[in-house]
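Residue 0 is where the sequence shown starts when you use numbering that gives the first Met the number 0, and the numbers rise one by one after that.
Glycine included, every Cβ here is placed at the ideal spot set by N, Cα and C.
As the structure is a computational prediction, the values presented were derived from the model and not from experiment.
A short worksheet on the structure shown next.
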Amino acid sequence: MDEARARFGAPTAVWRHGDTARIGYGVAARLVFSGPDRIRDAAARWRALIAAAAVDSEVADAAPVAFGAFAFAEDSAAESVLLLPREVVVVREGSAHLVELPDLGSGTAPASPPHAAAFAPEDYERAVAEAVRRIRAGALEKVVLARDLVIEAPRFDLEAALDALADRYRGGWIFAVDGLFGASPETLATVTGGLATSRVLAGTAPRSDDPVADAANRDRLLDSPKNRFEHALAVDSLLLTLGGATEDLTLGRPFALGLPNVWHLATDATARIGHDVGALDLVALLHPTAAVAGAPREDALATIRALEPFDRRRYAGPVGWIDGTGDGEWAIGLRSAEVEGPDRVRAYAGAGVVAASDAHQELEETRWKFQPIQEALAAVTAPH
Numbered sequence: 000m001d002e003a004r005a006r007f008g009a010p011t012a013v014w015r016h017g018d019t020a021r022i023g024y025g026v027a028a029r030l031v032f033s034g035p036d037r038i039r040d041a042a043a044r045w046r047a048l049i050a051a052a053a054v055d056s057e058v059a060d061a062a063p064v065a066f067g068a069f070a071f072a073e074d075s076a077a078e079s080v081l082l083l084p085r086e087v088v089v090v091r092e093g094s095a096h097l098v099e100l101p102d103l104g105s106g107t108a109p110a111s112p113p114h115a116a117a118f119a120p121e122d123y124e125r126a127v128a129e130a131v132r133r134i135r136a137g138a139l140e141k142v143v144l145a146r147d148l149v150i151e152a153p154r155f156d157l158e159a160a161l162d163a164l165a166d167r168y169r170g171g172w173i174f175a176v177d178g179l180f181g182a183s184p185e186t187l188a189t190v191t192g193g194l195a196t197s198r199v200l201a202g203t204a205p206r207s208d209d210p211v212a213d214a215a216n217r218d219r220l221l222d223s224p225k226n227r228f229e230h231a232l233a234v235d236s237l238l239l240t241l242g243g244a245t246e247d248l249t250l251g252r253p254f255a256l257g258l259p260n261v262w263h264l265a266t267d268a269t270a271r272i273g274h275d276v277g278a279l280d281l282v283a284l285l286h287p288t289a290a291v292a293g294a295p296r297e298d299a300l301a302t303i304r305a306l307e308p309f310d311r312r313r314y315a316g317p318v319g320w321i322d323g324t325g326d327g328e329w330a331i332g333l334r335s336a337e338v339e340g341p342d343r344v345r346a347y348a349g350a351g352v353v354a355a356s357d358a359h360q361e362l363e364e365t366r367w368k369f370q371p372i373q374e375a376l377a378a379v380t381a382p383h
């Protein structure tokens, strides 16, 4: 890593999970996509590049790697990007190897995100109340409504922020791609040698420093009809989207996943896929899940467009990496923020709204979900 840093400077992409990390340096190509087929187009373009590129590596069978961050909505002003670094250092269980790509001379510089006013808390509560009204009237079953938070971050250091996130949220997927960074708790699709896995998160409760109160919060989450219904809708969306594209799809039992800031209801799924199916193909099928959009999907997306007064950009969109074999890890871009300038970031958080939702409680849930980014920025911008 020191040699790559000496050649290219700071990393251009980072993906860390557990004892494994992929860190990209330099830019061989930055590929931009948009519209309803942005993920499928990226998958096709990646296959074409892999077929054509001459790859040099210090490991004989190492595959080239691209990092991606995709807009949540098909009509977003944000660019959906595949970033191909010149060099990727892969670290696993204390050992590291280097994967290199030639300069492919393709792509554009990242566009600066616009500065806009944040979604005020009182306006968010009104939007949630309207969503509940629509749900109770039968227009849809669930919608996830998000809000944004502008955070001034003097002396912002992205690498230090990622270190802070990795230290506190060890089980998360720590990422930085094209100005989007965060610590997602939720995998969208992981593919390794023909085996696909996914984790569904929907349903949330706060953590407590008091062990007795914390256990009570967990148990209430597990027993909550409102949260179990919300979670079941997300699991159903996974079955509907992956059922026809995989074999031997197996679901685990729902469990309470404890993160430092919240409890989530979680369900893990595994399946086998064909040799011609890669990680991005599954991502294209799965996004957007009911966990970040709602159900039914199209009705939820229409409600989001009507009630959220801002562009989510790449919040809750797919973020991850893919290699030349089609293997990869893709998370949902949650617990995330977008860099808007050297001293300013915009964080995002959402909550699932169903018929039993309370507007103030959903606002509180977004506050819990802002904590990872707020903590990381506080850790790296405090006076020294």
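- When C-alpha distances from Arg334 are compared across Gly349, Gly327 and Arg343, the shortest belongs to Gly349.
- Between Asn226 and Gly202 a beta carbon distance of about 3 Å is seen, short of the 8 Å cut, so the two are scored as contacting.
- In this chain, the alpha helix (DSSP H) harbouring Arg132 covers Pro120 to Arg135.
- When Phe155, Gly17, Leu239 and Ser207 are compared, the shortest CA-CA separation from Arg91 is found for Gly17.
- Asp74 sits exposed, since fewer than 16 C-beta atoms from the chains shown fall within 10 Å of its C-beta.
- Under the three-state reduction of DSSP output, His359 falls in the helix class.
- Collapsing the DSSP output to three states places Ser236 in a helix.
- A check of alpha carbon separations from Gly327 across Arg345, Trp172 and Arg85 identifies Trp172 as the nearest.
- Contact between Leu144 and Glu337 is ruled out by a C-beta separation of about 19 Å, above the 8 Å threshold.
- The DSSP-derived three-state label of His230 is helix.
- Nearest in C-alpha terms to Gln373, of all of Ser111, Pro113, Phe155 and Glu124, is Phe155.
- The stretch 173-193 and the stretch 208-227 do not touch, with fewer than three beta-carbon pairs separated by less than 8 Å.
- For the options Arg198, Ala375 and Asp235, the alpha carbon positioned closest to that of Ala255 is the one of Arg198.
- In this model, Glu229 and Val80 are separated by some 31 Å (Cα to Cα).
- Between Ala292 and Ile303, the beta carbon gap of about 7 Å places them in contact (Cβ cut-off 8 Å).
- Across the set Val352, Arg343 and Phe32, the C-alpha of Arg343 shows the shortest separation from the C-alpha of Ala377.
- Pro10 is the residue among Pro10, Ile331, His263 and Val352 whose C-alpha sits nearest the C-alpha of Leu161.
- Check the Cα spacing between Val352 and each of Glu86, Val89, Ala138 and Thr324: the tightest is with Ala138.
- Taken through DSSP and simplified to helix, strand or coil, Glu339 comes out as strand.
- In the structure shown, Asp156 falls within a coil segment according to DSSP collapsed to helix, strand and coil.
- Pro205 sits in a strand when the DSSP states are folded into three classes.
- Per DSSP, reduced to three states, the secondary structure at Leu100 is coil, with no helix or strand assignment.
- Pairing Ala77 with Gly8, the inter-Cα distance amounts to about 26 Å.
- Nearest to Leu148 by alpha-carbon distance, out of Val379, Lys368 and Thr196, is Lys368.
- Shown here, Leu144 sits in a strand according to DSSP, grouped into three states.
- Annotated three-state conformation of Phe69 is coil, per DSSP.
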